[in-house]
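Remarks on the structure that follows.
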Amino acid sequence: MERHDEKEKIYQLLHELIAERREITQQYYVLKERLDFLNNEKVAEITRESISRASPSSAYGISKKDIEHQKYVLSSKTKHSIPYDTISRKISSILKESGTPLNTKQIYYVLTKDSLFAITYKNLSNNILPRAIRDNSMNVERACRGYYQYRQK
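The number in the numbering used here is simply the position in the sequence shown, starting from 1, with 7 added.
The structure is reproduced here in C-alpha coordinates:
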(Lines of atoms letter the chains of each structure in order from A and count residues from 1; the text may use other names and numbers.)
(Lines give C-alpha, C1' and ligand atoms only; values in the text may rest on other atoms or scores of the structure.)
Protein backbone atom coordinates (compact mmCIF):
# COMPACT_ATOMS: atom_id res chain seq x y z
CA MET A 1 0.00 0.00 0.00
CA GLU A 2 2.97 2.24 0.56
CA ARG A 3 3.83 2.43 -3.16
CA HIS A 4 0.26 3.30 -4.08
CA ASP A 5 0.22 6.16 -1.55
CA GLU A 6 3.54 7.42 -2.83
CA LYS A 7 2.28 7.38 -6.45
CA GLU A 8 -0.83 9.33 -5.49
CA LYS A 9 1.27 11.87 -3.62
CA ILE A 10 3.56 12.31 -6.65
CA TYR A 11 0.54 12.74 -8.97
CA GLN A 12 -0.91 15.30 -6.60
CA LEU A 13 2.38 17.24 -6.56
CA LEU A 14 2.56 17.12 -10.37
CA HIS A 15 -0.97 18.54 -10.66
CA GLU A 16 -0.07 21.32 -8.23
CA LEU A 17 3.05 22.15 -10.25
CA ILE A 18 1.01 22.29 -13.45
CA ALA A 19 -1.51 24.63 -11.79
CA GLU A 20 1.29 26.89 -10.52
CA ARG A 21 2.88 26.96 -13.94
CA ARG A 22 -0.46 27.91 -15.50
CA GLU A 23 -0.82 30.80 -13.04
CA ILE A 24 2.73 32.00 -13.69
CA THR A 25 2.15 31.88 -17.45
CA GLN A 26 -1.04 33.93 -17.11
CA GLN A 27 0.76 36.49 -14.95
CA TYR A 28 3.59 36.63 -17.50
CA TYR A 29 1.22 37.43 -20.37
CA VAL A 30 -0.64 40.07 -18.34
CA LEU A 31 2.64 41.78 -17.47
CA LYS A 32 3.88 41.53 -21.05
CA GLU A 33 0.68 43.15 -22.37
CA ARG A 34 1.07 45.96 -19.86
CA LEU A 35 4.71 46.48 -20.86
CA ASP A 36 3.80 46.58 -24.55
CA PHE A 37 1.04 49.08 -23.81
CA LEU A 38 3.44 51.31 -21.88
CA ASN A 39 6.06 51.09 -24.64
CA ASN A 40 3.52 51.98 -27.33
CA GLU A 41 2.23 54.85 -25.23
CA LYS A 42 5.77 56.16 -24.72
CA VAL A 43 6.53 55.92 -28.45
CA ALA A 44 3.30 57.74 -29.27
CA GLU A 45 4.20 60.55 -26.87
CA ILE A 46 7.69 60.87 -28.34
CA THR A 47 6.37 61.06 -31.90
CA ARG A 48 3.74 63.62 -30.92
CA GLU A 49 6.40 65.77 -29.25
CA SER A 50 8.81 65.45 -32.15
CA ILE A 51 6.14 66.34 -34.69
CA SER A 52 5.10 69.40 -32.72
CA ARG A 53 8.72 70.55 -32.24
CA ALA A 54 10.05 69.72 -35.70
CA SER A 55 9.97 72.26 -38.45
CA PRO A 56 8.29 71.27 -41.73
CA SER A 57 11.60 71.20 -43.60
CA SER A 58 13.39 68.89 -41.23
CA ALA A 59 12.73 66.40 -38.46
CA TYR A 60 15.59 65.47 -36.15
CA GLY A 61 18.01 67.35 -38.41
CA ILE A 62 17.16 65.25 -41.48
CA SER A 63 16.22 67.15 -44.60
CA LYS A 64 12.97 66.55 -46.41
CA LYS A 65 14.91 65.38 -49.46
CA ASP A 66 16.63 62.67 -47.40
CA ILE A 67 13.30 61.52 -46.01
CA GLU A 68 11.81 61.25 -49.50
CA HIS A 69 14.87 59.35 -50.70
CA GLN A 70 14.59 56.92 -47.80
CA LYS A 71 10.89 56.35 -48.57
CA TYR A 72 11.83 55.61 -52.17
CA VAL A 73 14.53 53.14 -51.13
CA LEU A 74 12.16 51.34 -48.77
CA SER A 75 9.40 51.18 -51.38
CA SER A 76 11.80 49.80 -53.99
CA LYS A 77 12.73 46.92 -51.69
CA THR A 78 9.18 45.65 -51.60
CA LYS A 79 7.87 42.71 -53.53
CA HIS A 80 8.16 43.21 -57.28
CA SER A 81 5.95 40.42 -58.50
CA ILE A 82 3.10 41.20 -60.84
CA PRO A 83 -0.18 39.32 -60.46
CA TYR A 84 -0.60 36.50 -62.95
CA ASP A 85 -4.14 37.60 -63.82
CA THR A 86 -2.93 41.01 -64.96
CA ILE A 87 -0.20 39.60 -67.19
CA SER A 88 -2.38 36.86 -68.67
CA ARG A 89 -5.18 39.30 -69.52
CA LYS A 90 -2.68 41.59 -71.23
CA ILE A 91 -1.24 38.66 -73.22
CA SER A 92 -4.74 37.61 -74.23
CA SER A 93 -5.58 41.13 -75.43
CA ILE A 94 -2.27 41.37 -77.35
CA LEU A 95 -3.02 38.11 -79.15
CA LYS A 96 -6.60 39.16 -79.87
CA GLU A 97 -5.48 42.49 -81.37
CA SER A 98 -2.82 40.90 -83.55
CA GLY A 99 -5.17 38.43 -85.23
CA THR A 100 -2.24 36.20 -86.21
CA PRO A 101 -0.14 33.90 -84.03
CA LEU A 102 2.77 35.64 -82.32
CA ASN A 103 5.99 34.05 -81.17
CA THR A 104 7.24 34.38 -77.62
CA LYS A 105 9.77 37.10 -78.48
CA GLN A 106 7.09 39.29 -80.04
CA ILE A 107 4.83 38.88 -77.00
CA TYR A 108 7.75 39.67 -74.71
CA TYR A 109 8.64 42.77 -76.74
CA VAL A 110 5.08 44.10 -76.63
CA LEU A 111 4.81 43.47 -72.87
CA THR A 112 8.09 45.20 -72.03
CA LYS A 113 8.28 48.00 -74.61
CA ASP A 114 6.16 50.40 -72.57
CA SER A 115 7.69 49.14 -69.31
CA LEU A 116 4.28 47.90 -68.26
CA PHE A 117 5.69 44.70 -66.87
CA ALA A 118 9.16 43.94 -65.59
CA ILE A 119 9.36 40.24 -66.38
CA THR A 120 12.11 38.13 -67.84
CA TYR A 121 11.87 36.32 -71.14
CA LYS A 122 12.65 33.04 -69.41
CA ASN A 123 9.81 33.52 -66.90
CA LEU A 124 7.40 34.38 -69.69
CA SER A 125 8.28 31.38 -71.82
CA ASN A 126 8.63 28.80 -69.03
CA ASN A 127 5.96 29.85 -66.54
CA ILE A 128 3.47 32.46 -67.65
CA LEU A 129 2.57 31.29 -71.17
CA PRO A 130 2.22 27.58 -70.27
CA ARG A 131 0.07 28.55 -67.30
CA ALA A 132 -2.10 30.75 -69.54
CA ILE A 133 -2.58 27.80 -71.91
CA ARG A 134 -3.71 25.52 -69.05
CA ASP A 135 -6.01 28.21 -67.67
CA ASN A 136 -9.45 27.74 -69.22
CA SER A 137 -10.53 31.27 -68.36
CA MET A 138 -7.79 32.73 -70.60
CA ASN A 139 -8.24 32.59 -74.36
CA VAL A 140 -4.64 31.69 -75.16
CA GLU A 141 -3.66 28.59 -77.08
CA ARG A 142 -0.47 27.26 -78.58
CA ALA A 143 -0.48 27.43 -82.39
CA CYS A 144 2.80 25.56 -82.84
CA ARG A 145 6.19 25.47 -81.18
CA GLY A 146 6.96 28.94 -79.83
CA TYR A 147 3.83 30.54 -81.34
CA TYR A 148 0.68 31.45 -79.48
CA GLN A 149 -2.69 32.67 -80.67
CA TYR A 150 -6.00 33.92 -79.34
CA ARG A 151 -8.45 31.06 -78.79
CA GLN A 152 -11.76 31.62 -80.55
CA LYS A 153 -14.73 30.42 -78.53
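Glycine included, C-beta positions come from ideal geometry on N, C-alpha and C. Since this is a predicted model, take the numbers as computed values, not measurements.
- Residue pairing by DSSP puts Y154 in a beta bridge opposite N110, C151.
- Residues of the same chain with a CB within less than 7 Å of the CB of Y115, apart from the 5 flanking positions on each side, are Y128, L131 in chain order.
- In the three-state reduction of the DSSP assignment, I69 falls in the strand class, which pools E and B.
- Measuring C-alpha to C-alpha distances from S99 to each of Y35, S144, D12, G153 identifies S144 as the nearest.
- Ranked by how close their Cα comes to the Cα of G153, the residues S95, V147, T119, L109 have L109 in first place.
- Annotation: A150 to T111 spans about 11 Å, alpha carbon to alpha carbon.
- Here DSSP, grouped into helix, strand and coil, assigns P137 to helix.
- The three-state reading of DSSP puts D121 in coil, since its state is none of H, G, I, E or B.
- Of all alpha-carbon atoms in K97, E27, N47, Y155, the one lying nearest the alpha-carbon of D121 is that of K97.
- S105 sits in a helix when the DSSP states are folded into three classes.
- Per DSSP, reduced to three states, the secondary structure at Q19 is helical.
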